[in-house]
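K.L.:
Take the sequence shown: its position 133, counted from the start at 1, is 295 in the working numbering, and no numbers get skipped. Even for Gly, the Cβ is constructed at its ideal location relative to N, Cα and C.
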Amino acid sequence: MEQIGILEGREKQIFEKKEGAAAFDISCEKTSLSGSVSQRACVFCGSRVVLYPVADALHLVHGPIGCAAYTWDIRGSVSSGPELHRLSFSTDLQEMDVIYGGEKKLYLSLIELIEKFSPKAAFIYSTCIIGLIGDDIDAVCRKVQQETGIPVLPVHSEGFKGTKKDGYKAACTALMKLVGTGPIEDISPYSINILGEFNLAGEAWIIRKYYEEMGIEVVSTMTGDGRVGAVRRAHGAKLNVVQCSGSMTSLAKDMEEKYGIPYIRVSYFGIEDMAAALYDVAKHFPDRPEIMEKAREIVSREVKTLYPELQKFKQALSGKKAAIYVGGAFKTFSLIKALRSVGMSVVLAGSQTGNKDDYLALKEMCDEGTVIVDDSNPVELSKFILEKEADLLIGGVKERPIAFKLGVAFCDHNHERKIPLAGFEGMYNFILEVYQSVLSPVWQFAPRKGGSL
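In structure tokens, the structure reads:
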């Protein structure tokens, strides 16, 4: 096999944990290297990731039609009620709109859509071309809001401004304009907001059920199965519980500064982290010890059911090797723990949006020889999967073709999956998918496994 090299300029974003290695100083939180075909998405995509699951809001993309590709069909986010978010709207700017400006078209589009669908709020996404031609979408939003009486919120998500992470920030800025505008008189003193859970396959319902069984009121989930009314009341909760730290930590910090609401970081993936997410919330309400008692009861009940099933999978999966490349580094921590519980090791661990602290923590928990990558690309992922002889790649839709072309099993742990992977039942679903993927007989015919091209 011909040796695959690393692109010049990418060396500092890759680290291999081994004896004698240089001091850990991975480079991160920077724009992608030109020409590297980064697996990241753009600023606009990041904003849509966060805001799109608000199901009773109108989502209008101001720009060329191609930017409106992020529809429900390629990014699941299920709703228990309204499904306005499943419709993708665009102002569909043409050449003459670019020359003369698109403000009038935006205004007319908003008036027509609000009259037809009666949304509780409207989010207007600026794309690259809007940043170039200078449309004043803030002014248009203010005008439409005055005329219609609903919140019309600009989301400054021009793709060229940065990375997907900048889109998260733009979305959180828009959400903060809603938070604090609703009544909070009837909210329990034992209440939380769940931040960074997007209900891709019903996970928000699973997590909410655990907390409500503990006696905790969930004021809002931001933004999975989200409602504008719940977001407006979110400042009445006593604690923010942040699942996706990369996307929602800025909102949690803003709410702490403005409303004095503390926040904790959790993960709902894997037995250890799911249990910790329940215990950590219970610890925040020490004056009501029955909340902690109920948390222990839930964990005990779920683990007794789950553990024997995992042992069956462990017999087949022990010794297998996995590569992980996902959006946020915090998810990587949980996946490493989950795979270890069935005897698998991780030979590659990376993320699109991790920071220095994330990667330092990742280094401490990884085994000797593990490669840690920031903002990777297909060439690098292919290189390390082959060199480390990984049996499985865990990633998103952009990583799936890499795995299949290399004859490696794949598990979708990103935004396109249809089966819940969070919570205790999600842990079973995850390991079952890993087992079925890694042990599939199809790999005997793949080139890497000795078959023919």
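1. Distance check for VAL443 and ARG450, CA to CA, integer angstroms please.
2. I need the DSSP call for TYR487, collapsed to helix, strand or coil.
3. Would you mind working out which of CYS190, VAL216, MET376 sits nearest ALA284, comparing C-alpha positions?
4. Is the beta carbon of ASN355 sitting closer than 7 Å to the one on VAL390?
5. Identify whether GLY408 lies in helix, strand or coil by the three-state DSSP scheme.
6. Rounded to whole angstroms, what's the CA-CA distance from GLY293 to GLU359? Just pull it up for me.
7. Keeping to the same chain, check which residues put their C-beta closer than 6 Å to that of LYS174; ignore five residues upstream and five downstream.
8. Do the region 546-553 and the region 569-587 touch if we need at least three Cβ pairs shorter than 8 Å?
9. Starting from the C-beta of ASN591, find all residues in its chain whose C-beta is less than 7 Å away, skip the five residues before and the five after it, and write them out in chain order.
10. Alpha carbon to alpha carbon, how far is ILE273 from SER599? Give it in angstroms, no decimals.
11. So, do the region 466-482 and the region 386-404 have three or more beta carbon pairs nearer to each other than 8 Å?
12. Find the nearest neighbour of GLY377 within the set ASP387, SER350, VAL306, judged by alpha-carbon distance.
13. DSSP three-state call for ILE349: helix, strand or coil?
14. On a Cα-Cα basis, can you pick out the residue from ASP536, SER513, TYR469 that is closest to VAL504?
15. To which residues of the same chain is GLU434 closer than 6 Å at the C-beta, ignoring the five residues directly before and after it?
16. Which one of TYR214, GLY311, GLU320 has the shortest CA to CA distance from PRO226?
17. What's the C-alpha gap between ILE564 and ARG202?
18. Does DSSP classify MET506 as helix, strand or coil?
19. Leaving out the 5 sequence neighbours to the left and right, which residues in its chain are closer than 6 Å to VAL559 when beta-carbon positions are compared?
20. Helix, strand or coil for PHE572 per DSSP?
21. Reducing DSSP to helix, strand and coil, say where SER628 ends up.
22. Grab the span of the alpha helix (DSSP H) containing THR335 for me, first residue to last.
23. Please state whether the Cβ-Cβ distance between ALA366 and ASP348 is less than 7 Å.
24. Using DSSP bridges, identify the partner residues of LEU554.
25. Relative to the C-alpha of VAL240, which residue among SER513, MET410, ALA363 is closest?
26. So, do the region 245-254 and the region 417-432 have three or more beta carbon pairs nearer to each other than 8 Å?
27. In this structure, does DSSP put ASP536 in helix, strand or coil?
28. ALA437 and TYR430: beta carbons closer than 7 Å?
29. Is GLY613 helix, strand or coil when you go by DSSP?
30. What did DSSP end up calling ILE291 once you bin it into helix, strand or coil?
31. Can you grab the Cα-Cα spacing for the pair GLY324 / SER194, in whole Å?
32. Can you tell me the Cβ-Cβ gap for ILE299 and LEU255, rounded? I've got them flagged as a contact below 8 Å.
33. What residue from GLY311, TYR287, LYS327 has the CA that sits closest to ALA336's CA?
34. Does SER614 pass the burial test, meaning 16 or more other C-beta atoms within 10 Å, or should it be called exposed?
35. To the nearest angstrom, report how far apart TYR373 and GLU379 are at their CA atoms.
36. Between which two residues does the alpha helix (DSSP H) containing GLU526 stretch?
P.N.:
Let's see:
1. Numbered from 1 along the sequence shown, position 288 holds the residue referred to as residue 450. Numbered from 1 along the sequence shown, position 281 holds the residue referred to as residue 443. Spanning the two alpha carbons is a distance of roughly 12 Å.
2. The sequence position of residue 487 within the sequence shown is 325, counting from 1. Three-state DSSP puts TYR487 in a strand.
3. Within the sequence shown, the letter at position 122 stands for residue 284. Comparing Cα-Cα distances from ALA284 to each of CYS190, VAL216, MET376, the minimum goes to VAL216.
4. Looking up residue 355 in the sequence shown gives position 193. Looking up residue 390 in the sequence shown gives position 228. No. Outside cutoff.
5. The residue given as residue 408 occupies position 246 in the sequence shown. Helix at GLY408.
6. Translated into the one-based positions of the sequence shown, residue 293 becomes position 131. Translated into the one-based positions of the sequence shown, residue 359 becomes position 197. GLY293 and GLU359 have their C-alpha atoms roughly 30 Å apart.
7. Taking the first residue of the sequence shown as position 1, residue 174 is located at position 12. The residues SER189, in chain order, have a CB closer than 6 Å to that of LYS174 in the same chain once the five nearest residues on each side in sequence are set aside.
8. In short, these stretches touch, since the Cβ pair count reaches three.
9. Taking the first residue of the sequence shown as 1, we reach residue 591 at position 429. Excluding positions up to five away in sequence, the list reads ILE581, PRO582, LEU583.
10. The residue labelled residue 599 in the question sits at position 437 within the sequence shown. The residue labelled residue 273 in the question sits at position 111 within the sequence shown. About 49 Å.
11. Contact annotation: the region 466-482 does not touch the region 386-404, with fewer than three C-beta pairs closer than 8 Å.
12. For the purposes of this step, residue 377 is taken as residue 215 along the sequence shown, with counting starting at 1. With distances taken between CA atoms, GLY377 lies nearest to SER350 out of ASP387, SER350, VAL306.
13. Mapped onto the sequence shown, residue 349 falls at position 187. Secondary structure at ILE349: coil, using DSSP grouped into helix, strand and coil.
14. Mapped onto the sequence shown, residue 504 falls at position 342. If we check each option's Cα against that of VAL504, TYR469 comes out closest.
15. Along the sequence shown, read from residue 1 onward, the residue named residue 434 stands at position 272. Same-chain partners within the cutoff: LYS499.
16. On the sequence shown, position 64 is the one that residue 226 refers to. The residue with the shortest Cα to Cα distance from PRO226 is GLU320.
17. Here residue 564 corresponds to residue number 402 of the sequence shown, with the count starting at 1. Here residue 202 corresponds to residue number 40 of the sequence shown, with the count starting at 1. Using only the alpha carbons, I get a separation of about 15 Å.
18. Locating residue 506 in the sequence shown gives position 344, counting from the first residue. Looking at MET506 - three-state DSSP - the assignment turns out to be coil, as it is neither helix nor strand.
19. As a working mapping, residue 559 is identified with position 397 in the sequence shown. Result list for VAL559: GLU578, in chain order.
20. Working through the sequence shown from its first residue, we reach residue 572 at position 410. Three-state result, PHE572: strand.
21. Because the chain is modelled from 163 through 615, residue 628 falls outside the range shown and cannot be assessed.
22. The sequence position of residue 335 within the sequence shown is 173, counting from 1. Residues 326-340.
23. Position 204 of the sequence shown, counted from the start, is the residue given in the question as residue 366. Position 186 of the sequence shown, counted from the start, is the residue given in the question as residue 348. A distance of 7 Å or more separates the beta carbons of ALA366 and ASP348.
24. By one-based count along the sequence shown, residue 554 stands at place 392. Answer is ALA484, ALA571, bridged to LEU554.
25. One-based indexing of the sequence shown puts residue 240 at position 78. Among SER513, MET410, ALA363, the Cα nearest to that of VAL240 is on ALA363.
26. Taking 8 Å as the limit for Cβ pairs, the verdict is that the region 417-432 does not touch the region 245-254.
27. Within the sequence shown, residue 536 is the residue found at index 374, counting from 1. Strand, per DSSP.
28. In the sequence shown, counting from the first residue as 1, residue 437 sits at position 275. In the sequence shown, counting from the first residue as 1, residue 430 sits at position 268. No.
29. Residue numbering aside, residue 613 sits at position 451 when the sequence shown is read from its first letter. Legend: pLDDT at GLY613 = 41, less than 50; position of this residue unreliable, value from coordinates given subsequently. Reduced to three states, the DSSP call for GLY613 is coil.
30. Here the question's residue 291 lines up with position 129 in the sequence shown. Helix, per DSSP.
31. Indexing the sequence shown from 1 puts residue 324 at position 162. Indexing the sequence shown from 1 puts residue 194 at position 32. In a straight line, the C-alpha of GLY324 is about 9 Å away from that of SER194.
32. If you number the sequence shown from 1, residue 299 lands on position 137. If you number the sequence shown from 1, residue 255 lands on position 93. Their Cβ separation, rounded to whole angstroms, is 12 Å, which puts ILE299 and LEU255 out of contact at 8 Å.
33. The count along the sequence shown starts at 1 and reaches residue 336 at position 174. The shortest Cα separation from ALA336 among GLY311, TYR287, LYS327 belongs to TYR287.
34. Within the sequence shown, residue 614 is the residue found at index 452, counting from 1. The pLDDT assigned to SER614 is 42, lower than 50, so where the model puts this residue is not dependable, and the model offers no usable value.
35. Sequence index remark: in the sequence shown, residue 373 carries index 211 (1-based). Sequence index remark: in the sequence shown, residue 379 carries index 217 (1-based). Using only the alpha carbons, I get a separation of about 7 Å.
36. Here residue 526 refers to the residue found at position 364 of the sequence shown. Looking at the DSSP string, the run of the alpha helix (DSSP H) that includes GLU526 is 518-527.
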